[in-house]
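Novice: Structure provided below as structure tokens; questions to follow.
There are 2 protein chains.
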Amino acid sequence: MKRALNFNAGPAALPEAVLAKAEKEMMNYQGSGMGVMELSHRSKEFEEINERTENLLRGLLTIPDEYEVLFLQGGASLQFSMVPMNLLEKGSTASYVLTGTWSEKALKEAQKMGNAAIAASSKTANYRFIPSTSEIDIPAESSYLHITTNNTIYGTQWHSFPEGLPIPLVADMSSDILSRPLNLSSYGLIYAGAQKNLGPSGVTVVIIHKDLLKRSKPGLPSMLNYEVHAASRSLYNTPPTLSIYFLMLVLEWAEALGGVKQLELLNKQKAALLYDAIDRSDGFYTGHAEEKSRSLMNITFTLDQDDLTSAFLHEAEESGFIGLAGHRSVGGCRASIYNAVPLENVEKLADFMNHFRSRN
Amino acid sequence: MKRALNFNAGPAALPEAVLAKAEKEMMNYQGSGMGVMELSHRSKEFEEINERTENLLRGLLTIPDEYEVLFLQGGASLQFSMVPMNLLEKGSTASYVLTGTWSEKALKEAQKMGNAAIAASSKTANYRFIPSTSEIDIPAESSYLHITTNNTIYGTQWHSFPEGLPIPLVADMSSDILSRPLNLSSYGLIYAGAQKNLGPSGVTVVIIHKDLLKRSKPGLPSMLNYEVHAASRSLYNTPPTLSIYFLMLVLEWAEALGGVKQLELLNKQKAALLYDAIDRSDGFYTGHAEEKSRSLMNITFTLDQDDLTSAFLHEAEESGFIGLAGHRSVGGCRASIYNAVPLENVEKLADFMNHFRSRN
Ligand SMILES: Cc1ncc(COP(=O)(O)O)c(C=O)c1O
Ligand SMILES: Cc1ncc(COP(=O)(O)O)c(C=O)c1O
Ligand SMILES: [Mg+2]
Ligand SMILES: [Mg+2]
Ligand SMILES: [Mg+2]
Ligand SMILES: [Mg+2]
Numbered sequence: 001m002k003r004a005l006n007f008n009a010g011p012a013a014l015p016e017a018v019l020a021k022a023e024k025e026m027m028n029y030q031g032s033g034m035g036v037m038e039l040s041h042r043s044k045e046f047e048e049i050n051e052r053t054e055n056l057l058r059g060l061l062t063i064p065d066e067y068e069v070l071f072l073q074g075g076a077s078l079q080f081s082m083v084p085m086n087l088l089e090k091g092s093t094a095s096y097v098l099t100g101t102w103s104e105k106a107l108k109e110a111q112k113m114g115n116a117a118i119a120a121s122s123k124t125a126n127y128r129f130i131p132s133t134s135e136i137d138i139p140a141e142s143s144y145l146h147i148t149t150n151n152t153i154y155g156t157q158w159h160s161f162p163e164g165l166p167i168p169l170v171a172d173m174s175s176d177i178l179s180r181p182l183n184l185s186s187y188g189l190i191y192a193g194a195q196k197n198l199g200p201s202g203v204t205v206v207i208i209h210k211d212l213l214k215r216s217k218p219g220l221p222s223m224l225n226y227e228v229h230a231a232s233r234s235l236y237n238t239p240p241t242l243s244i245y246f247l248m249l250v251l252e253w254a255e256a257l258g259g260v261k262q263l264e265l266l267n268k269q270k271a272a273l274l275y276d277a278i279d280r281s282d283g284f285y286t287g288h289a290e291e292k293s294r295s296l297m298n299i300t301f302t303l304d305q306d307d308l309t310s311a312f313l314h315e316a317e318e319s320g321f322i323g324l325a326g327h328r329s330v331g332g333c334r335a336s337i338y339n340a341v342p343l344e345n346v347e348k349l350a351d352f353m354n355h356f357r358s359r360n
Numbered sequence: 001m002k003r004a005l006n007f008n009a010g011p012a013a014l015p016e017a018v019l020a021k022a023e024k025e026m027m028n029y030q031g032s033g034m035g036v037m038e039l040s041h042r043s044k045e046f047e048e049i050n051e052r053t054e055n056l057l058r059g060l061l062t063i064p065d066e067y068e069v070l071f072l073q074g075g076a077s078l079q080f081s082m083v084p085m086n087l088l089e090k091g092s093t094a095s096y097v098l099t100g101t102w103s104e105k106a107l108k109e110a111q112k113m114g115n116a117a118i119a120a121s122s123k124t125a126n127y128r129f130i131p132s133t134s135e136i137d138i139p140a141e142s143s144y145l146h147i148t149t150n151n152t153i154y155g156t157q158w159h160s161f162p163e164g165l166p167i168p169l170v171a172d173m174s175s176d177i178l179s180r181p182l183n184l185s186s187y188g189l190i191y192a193g194a195q196k197n198l199g200p201s202g203v204t205v206v207i208i209h210k211d212l213l214k215r216s217k218p219g220l221p222s223m224l225n226y227e228v229h230a231a232s233r234s235l236y237n238t239p240p241t242l243s244i245y246f247l248m249l250v251l252e253w254a255e256a257l258g259g260v261k262q263l264e265l266l267n268k269q270k271a272a273l274l275y276d277a278i279d280r281s282d283g284f285y286t287g288h289a290e291e292k293s294r295s296l297m298n299i300t301f302t303l304d305q306d307d308l309t310s311a312f313l314h315e316a317e318e319s320g321f322i323g324l325a326g327h328r329s330v331g332g333c334r335a336s337i338y339n340a341v342p343l344e345n346v347e348k349l350a351d352f353m354n355h356f357r358s359r360n
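In order, the protein sequences belong to chains A and B. Per full-length UniProt numbering, residue 1 is the first one in the first sequence, and the count goes up by one each step. Per full-length UniProt numbering, residue 1 is the first one in the second sequence, and the count goes up by one each step.
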């Protein structure tokens with residue numbers, strides 16, 4: 001069976017071993033005579049999946065006991081609203097660092113809920129870099145500071161983080177969670193849609209410091225209240241059982257591979273192949289991100305003429321590469337090389353880039 | 001491969017043919033070299049799945065063009081909040097008919113959003129029946145009337161419906177959508193979590209009259225705004241692609257079987273087997289629901305002593321029947337016999353009930 005050369009930005013490639021296991025268990029999960037999605041979410045079997053998934057994530061990301069791990073629905077986009085609904089205190093400000101489209105959207109949703117301010121931004125530079133931590137200017141009386149650790153569309157990534165903040169740091173890690181080790185104690189809350197590094201779409205991981213749960217007001221809709229979900233171990237209502245099962249399989253795969261340190265090594269190796277192809281192209285390819293802010297997950301670049309970009313994308317598609325067009329909003333090219341994208345596929349893409357350049 | 005005798009209340013049994021197809025396509029959806037969950041939600045392939053799923057549902061339920069079909073996340077529980085957030089107008093009342101636990105929860109969430117009132121209730125009768133339509137007393141200035149067409153926990157179901165209301169009728173059909181034909185033009189909005197009659201958990205179907213979209217205020221969080229989802233054909237953010245794919249497979253199965261009329265015949269046949277076992281048991285089994293309000297989906301009953309109920313559930317489990325314990329909140333026994341539960345399995349259960357009675 002020939003697997004595609006999948007560089008989709010999300011939903012994205014999953015490990016072949018994960019699909020093979022899901023295929024094998026599809027009609028009969030662990031001898032139950034049922035598929036995973038036919039199990040009651042209150043059954044022993046699913047309770048075990050739920051717990052095992054949480055424990056695997058705790059192990060991989062070294063999540064301390066003071067944090068709750070929640071599996072929610074609605075994608076990262078619903079978190080854009082749930083974060084201010086739960087954490088923005090009365091008379092206080094929600095502060096955002098703008099580093100791309102997703103942080104802009106997060107800010108916009110926060111503004112609907114109350115006061116929200118920009119603490120730093122690289123928008124005028126077309127989001128080519130991540131502002132340095134010293135540039136971040138947090139308004140007095142802020143409830144939290146929100147950052148987007150990896151900017152899926154612009155291809156930039158935070159490599160050093162605000163430390164010792166007087167307020168909780170909240171991070172959208174949708175496109176780089178599990179790609180590298182994490183010092184969780186710097187954060188108050190982390191969220192990530194699963195569909196890039198963690199599994200299929202349909203489940204969102206939220207990791208929240210227990211102290212912050214006190215901010216969730218009982219008047220909030222139950223489904224939008226972190227406290228409610230924490231109190232019921234993400235079983236307040238029927239969870240997306242199938243997506244959580246796939247998340248578990250991906251985490252098992254990540255653990256077997258050696259964990260986040262090993263994944264980071266591989267991710268650096270993969271990204272280097274593509275950034276080298278760009279940097280050694282004598283300007284044939286131009287990377288969008290400034291070097292110091294380059295993402296290891298989304299490699300964004302253009303060719304020096306629009307029709308050459310089109311030709312590149314066209315030939316790439318004909319050669320079997322999937323998902324290399326840049327996001328609708330910015331154009332150009334983007335290769336998303338999340339954890340599950342095999343090194344060999346990235347090598348093939350680097351070769352293709354080099355050959356295309358030599359021919360044009 | 002031995003399939004379980006699955007009577008789970010939801011997530012519940014899926015058609016074997018659906019699982020077999022998903023198994024076959026797991027690693028390679030239609031020759032793409034990718035699993036469905038690895039496809040971009042903006043890809044041609046997924047756009048087709050999205051559209052096909054909507055069209056199948058439109059065909060099966062005869063949904064007129066004046067209605068939008070949305071595929072959302074968060075389960076029916078999130079709809080408890082989204083309905084009043086979007087439809088409850090300023091200075092007006094949200095009216096609810098209480099017929100069980102789920103309508104109580106829906107009311108409770110509406111009360112957080114504004115004025116909400118009880119238009120009828122059978123609570124004092126332990127929810128044994130559905131109030132007759134003539135008993136429904138809608139407060140003046142109501143924004144809508146909310147009903148729960150099938151009460152999963154108590155095992156009751158609406159069999160005649162309010163007609164010619166001056167306000168939109170809103171229905172939670174989580175546990176009986178697609179079990180029988182539907183006169184959609186009586187409704188303003190219908191919602192249903194997929195995990196009983198439609199597919200796996202993780203996707204919620206909302207069918208809404210286009211006129212009602214005008215009530216959604218732009219100040220609402222985007223993810224909680226029906227208008228936003230309608231305008232982007234349920235692709236405002238990353239949809240739960242895998243759950244939608246399974247929904248499509250279930251709808252294909254339902255269509256091949258002959259549609260909702262055929263399903264209704266089968267459902268009546270299946271329910272009759274169990275209600276007969278109850279009615280002909282000389283009081284050994286007692287049905288919870290009054291006869292006129294009996295559900296075709298969830299058959300609820302008790303045995304005349306608590307320890308006999310326990311013995312029944314224990315022996316049933318030993319004989320391979322899954323999910324027959326009543327909901328945690330009410331106890332007793334419940335057999336959920338949604339569309340995908342095969343007639344043979346219901347026959348086996350009826351036989352088991354008869355034999356158990358003859359032995360005790
Ligand atoms: C960084 C980031 N945040 C948020 C989102 C939105 O996620 P979702 O579609 O799960 O709502 C995305 C989607 O690509 C993303 O890359
Ligand atoms: C009638 C009804 N409404 C609502 C719900 C809640 O659904 P969900 O778990 O998808 O939020 C259920 C769940 O069993 C139900 O049966
Ligand atoms: Mg927990
Ligand atoms: Mg971005
Ligand atoms: Mg539509
Ligand atoms: Mg009920």
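Don't be surprised by glycine CBs; every beta carbon is placed ideally from N, CA and C. This one's a predicted model, so the numbers in the text were calculated from it and none came from an experiment.
By a C-beta neighbour count over all protein chains shown, 10 Å radius and 16 as the cutoff for buried, is residue 362(B) buried or exposed?
Specialist: With chain B running from 1 to 360 in the structure shown, residue 362(B) is simply not present.
Novice: Does any heavy atom of ligand 1 sit closer than 7 Å to the C-beta of residue 124(A)?
Specialist: Numbered from its first residue, the first sequence carries residue 124(A) at position 124. No, the Cβ of residue 124(A) stays beyond 7 Å of every heavy atom of ligand 1.
Novice: Just checking my contact of residue 94(A) with residue 144(A) at CB under 8 Å: how many whole Å lie between their CB atoms?
Specialist: On the first sequence, position 94 is the one that residue 94(A) refers to. On the first sequence, position 144 is the one that residue 144(A) refers to. That pair is a contact at about 6 Å.
Novice: Distance, Cα to Cα, residue 122(B) vs residue 250(B)?
Specialist: Numbered from 1 along the second sequence, position 122 holds the residue referred to as residue 122(B). Numbered from 1 along the second sequence, position 250 holds the residue referred to as residue 250(B). The straight-line gap from Cα to Cα measures roughly 34 Å.
Novice: Strictly below 9 Å CB to CB, what residues from chain A border residue 33(B)?
Specialist: By one-based count along the second sequence, residue 33(B) stands at place 33. Residue 33(B) reaches chain A at 1, 2, 3, 4, 5, 6, 320, 322, counting residues in chain order whose Cβ is nearer than 9 Å.
Novice: Can you tell me whether residue 225(B) sits near ligand 1, meaning its C-beta is under 7 Å from at least one heavy atom of the ligand?
Specialist: Taking the first residue of the second sequence as 1, we reach residue 225(B) at position 225. For ligand 1, not one heavy atom lies less than 7 Å from the Cβ of residue 225(B).
Novice: Report the rounded CA-to-CA distance for residue 304(A) versus residue 54(A), giving the unit in angstroms.
Specialist: For the purposes of this step, residue 304(A) is taken as residue 304 along the first sequence, with counting starting at 1. For the purposes of this step, residue 54(A) is taken as residue 54 along the first sequence, with counting starting at 1. Here the alpha carbons of residue 54(A) and residue 304(A) stand approximately 46 Å from one another.
Novice: Suppose you measure from the CA of residue 273(A) to the CA of residue 188(B); what does that come to, to the nearest Å?
Specialist: For the purposes of this step, residue 273(A) is taken as residue 273 along the first sequence, with counting starting at 1. For the purposes of this step, residue 188(B) is taken as residue 188 along the second sequence, with counting starting at 1. Put simply, the backbone Cα of residue 273(A) is about 55 Å away from that of residue 188(B).
Novice: Would you say residue 305(A) lies against chain B (beta-carbon separation less than 8 Å)?
Specialist: Taking the first sequence and counting its residues from 1, the one referred to as residue 305(A) is at position 305. Residue contact with chain B for residue 305(A): absent (no Cβ-Cβ distance below 8 Å to any residue of chain B).
Novice: By DSSP, does residue 142(A) sit in helix, in strand, or in coil?
Specialist: Along the first sequence, one-based indexing puts residue 142(A) at 142. Strand, per DSSP.
Novice: Does the beta-carbon of residue 174(B), which I'm using as the reference point, lie nearer than 7 Å to any heavy atom of ligand 2?
Specialist: Along the second sequence, one-based indexing puts residue 174(B) at 174. Because some heavy atom of ligand 2 lies under 7 Å away, the Cβ of residue 174(B) counts as near it: yes.
Novice: Since residue 36(B) is in the alpha helix (DSSP H), which residue starts that stretch and which ends it?
Specialist: As a position in the second sequence, residue 36(B) is number 36, starting the count at 1. Looking at the DSSP string, residue 36(B) is not in any alpha helix (DSSP H), and its letter there is neither H nor E.
Novice: Quick one: which chain A residues come within Cβ less than 8 Å of residue 27(B)?
Specialist: Sequence index remark: in the second sequence, residue 27(B) carries index 27 (1-based). Correct list: 1, 3, 16, 19, 20, 23.
Novice: Would you mind working out which of 291(B), 359(B), 180(B), 177(B) sits nearest residue 315(B), comparing C-alpha positions?
Specialist: Numbered from its first residue, the second sequence carries residue 315(B) at position 315. Taking only the C-alpha atoms, the option nearest residue 315(B) is 359(B).
Novice: Which residues in chain B have a C-beta closer than 9 Å to the C-beta of residue 109(A)? List them in chain order.
Specialist: For the purposes of this step, residue 109(A) is taken as the residue at position 109 of the first sequence. Here the neighbours are 221, 222, 223.
Novice: Enumerated in chain order, which unbroken segments of the beta strand (DSSP E) with a length of 3 residues or greater are wholly contained in the segment 275 to 321 of chain B?
Specialist: 285 to 287, 298 to 303, all fully within the segment 275 to 321 of chain B.
Novice: Determine, using beta carbons only, whether residue 289(B) and residue 67(B) come nearer to each other than 8 Å.
Specialist: Here residue 289(B) corresponds to residue number 289 of the second sequence, with the count starting at 1. Here residue 67(B) corresponds to residue number 67 of the second sequence, with the count starting at 1. No. Outside cutoff.
Novice: Tell me whether residue 193(A) sits in a helix, a strand or coil according to DSSP, three-state version.
Specialist: Against the first sequence, residue 193(A) aligns to sequence position 193. Residue 193(A) falls in the strand class under three-state DSSP.
Novice: Roughly how many angstroms lie between the CA atoms of residue 47(B) and residue 284(A), to the nearest whole one?
Specialist: Position 47 of the second sequence, counting from 1, holds the residue named residue 47(B). Position 284 of the first sequence, counting from 1, holds the residue named residue 284(A). Those two C-alpha atoms are separated by around 34 Å.
Novice: Measuring only the C-alpha atoms, how far is residue 149(A) from residue 291(A)?
Specialist: The residue given as residue 149(A) occupies position 149 in the first sequence. The residue given as residue 291(A) occupies position 291 in the first sequence. Roughly 16 Å separates the two Cα atoms.
Novice: Kindly indicate the opening and closing residues of the alpha helix (DSSP H) around residue 137(B).
Specialist: Your numbering for residue 137(B) matches position 137 in the second sequence. It is not in any alpha helix (DSSP H) - residue 137(B) carries neither H nor E in the DSSP assignment.
Novice: Could you work out which residue in 232(B), 101(B), 321(B) is closest to residue 12(B) when comparing CA atoms only?
Specialist: Mapped onto the second sequence, residue 12(B) falls at position 12. Here the closest residue by C-alpha is 321(B).
Novice: Is the beta carbon of residue 381(B) within less than 7 Å of some heavy atom of ligand 2?
Specialist: The question about residue 381(B) has no answer here: the residues shown for chain B are numbered 1 through 360.
Novice: Using a Cβ-Cβ distance under 8 Å, would residue 314(A) count as near chain B?
Specialist: As a working note, residue 314(A) is residue 314 in the first sequence. It does not; no Cβ of chain B falls within 8 Å.
Novice: For ligand 1, I want to know if residue 323(A) counts as a neighbour, meaning its beta carbon is within less than 7 Å of at least one of the ligand's heavy atoms.
Specialist: For this step, residue 323(A) is matched to residue 323 along the first sequence. Outside the cutoff, so no.
Novice: Any contact between the segment 72 to 82 of chain A and the segment 215 to 229 of chain A? By contact I mean 3 or more CB pairs, one from each, below 8 Å.
Specialist: yes
Novice: Taking the straight line between their C-alpha atoms, what separation do you get for residue 163(B) and residue 212(B)?
Specialist: Walking along the second sequence from the start, residue 163(B) turns up at place 163. Walking along the second sequence from the start, residue 212(B) turns up at place 212. Each residue's Cα considered, the two are about 18 Å apart.
Novice: What residues in its chain sit with their C-beta under 8 Å from that of residue 117(B), if we drop five residues either side in the sequence?
Specialist: Indexing the second sequence from 1 puts residue 117(B) at position 117. Cβ neighbours of residue 117(B) beyond the five flanking positions: 93, 94, 95, 96, 139, 142.
Novice: Which value, in whole angstroms, describes the spacing of the CA atoms of residue 107(B) and residue 98(B)?
Specialist: In the second sequence, counting from the first residue as 1, residue 107(B) sits at position 107. In the second sequence, counting from the first residue as 1, residue 98(B) sits at position 98. Approximately 8 Å between the Cα atoms of the pair.
Novice: Tell me whether residue 193(B), by its Cβ, gets closer than 7 Å to a heavy atom of ligand 2.
Specialist: By one-based count along the second sequence, residue 193(B) stands at place 193. Result yes, Cβ under 7 Å from ligand 2.
Novice: Rounded to the nearest angstrom, how far is the Cβ of residue 241(B) from that of residue 201(A), given a contact under 8 Å?
Specialist: Sequence index remark: in the second sequence, residue 241(B) carries index 241 (1-based). Sequence index remark: in the first sequence, residue 201(A) carries index 201 (1-based). At roughly 5 Å, the Cβ-Cβ gap stays under 8 Å, so residue 241(B) and residue 201(A) are in contact.
Novice: If you measure beta-carbon to beta-carbon, which residues of the segment 191 to 204 of chain B are closer than 7 Å to chain A?
Specialist: 193, 195, 200, 201, 202
Novice: Are the segment 172 to 186 of chain A and the segment 260 to 267 of chain A touching, with three or more C-beta to C-beta distances below 8 Å?
Specialist: yes
Novice: Could you tell me whether any non-hydrogen atom of ligand 2 is closer than 7 Å to the CB of residue 253(B)?
Specialist: The count along the second sequence starts at 1 and reaches residue 253(B) at position 253. Incorrect: residue 253(B) has no Cβ contact closer than 7 Å to ligand 2.
Novice: Could you give the distance in angstroms between the alpha-carbon of residue 329(A) and the alpha-carbon of residue 169(A)?
Specialist: Position 329 of the first sequence, counted from the start, is the residue given in the question as residue 329(A). Position 169 of the first sequence, counted from the start, is the residue given in the question as residue 169(A). Distance between the alpha carbons of residue 329(A) and residue 169(A) is about 28 Å.
Novice: Does the separation of the CB atoms of residue 338(A) and residue 299(A) fall below 8 Å?
Specialist: As a working mapping, residue 338(A) is identified with position 338 in the first sequence. As a working mapping, residue 299(A) is identified with position 299 in the first sequence. Contact flag unset, no.
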